[in-house]
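Colleague: Residue numbers (the working numbering): 535 to 642. Sharing a structure, written as structure tokens. Questions coming.
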Amino acid sequence: MVFNTGAALLDAIVLAVVSKEPEGTYGYKITQDVRQVIELSESTLYPVLRRLQKDECMVVYDRECAGRNRRYYRITDKGMNQLRVYVNEWRQYSGKISGILEGGIRYE
Numbered sequence: 535m536v537f538n539t540g541a542a543l544l545d546a547i548v549l550a551v552v553s554k555e556p557e558g559t560y561g562y563k564i565t566q567d568v569r570q571v572i573e574l575s576e577s578t579l580y581p582v583l584r585r586l587q588k589d590e591c592m593v594v595y596d597r598e599c600a601g602r603n604r605r606y607y608r609i610t611d612k613g614m615n616q617l618r619v620y621v622n623e624w625r626q627y628s629g630k631i632s633g634i635l636e637g638g639i640r641y642e
């Protein structure tokens, strides 16, 4: 993709992906889900997950899977509220950008 993805947009995308799984989801699956819309490496994802955890938007827990512990991430109430803010901001922002790019707004 030609456009850069800033920290707030990454946070919003990750929160949206994690919010789809009520019991939480693990890092590799989050990476795969996010890659459906933007290119993202695991080395980019894990700092985002740590930041969201530090900001109390997600909680982390371990669960056994095939004899190994797998780290899961679950969105908190604070994270859901933050996601709502991101969604509202995104709708406004993307609408304005689409208007400019698609010719809906004229500047003279």
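The beta-carbon is built from N, C-alpha and C at its ideal position, and this holds for glycine as well. Model, not experiment: these values are computed from the prediction.
Can you give me the C-alpha to C-alpha distance between residue 547 and residue 568, rounded to a whole angstrom?
Modeller: One C-alpha to the other measures close to 7 Å.
Colleague: Just how far apart, CA to CA, sit residue 554 and residue 634?
Modeller: Distance between the alpha carbons of residue 554 and residue 634 is about 32 Å.
Colleague: Which value, in whole angstroms, describes the spacing of the CA atoms of residue 601 and residue 621?
Modeller: Taking the straight line joining both Cα atoms gives about 38 Å.
Colleague: Contact defined as beta carbons within less than 8 Å: I believe residue 594 pairs with residue 606. What is the distance between those atoms, to the nearest angstrom?
Modeller: Indeed they touch by this definition, with Cβ atoms about 7 Å apart.
Colleague: Considering Cα atoms alone, identify which of 556, 558 and 576 is closest to residue 565.
Modeller: Measuring from the Cα of residue 565, the nearest candidate turns out to be 576.
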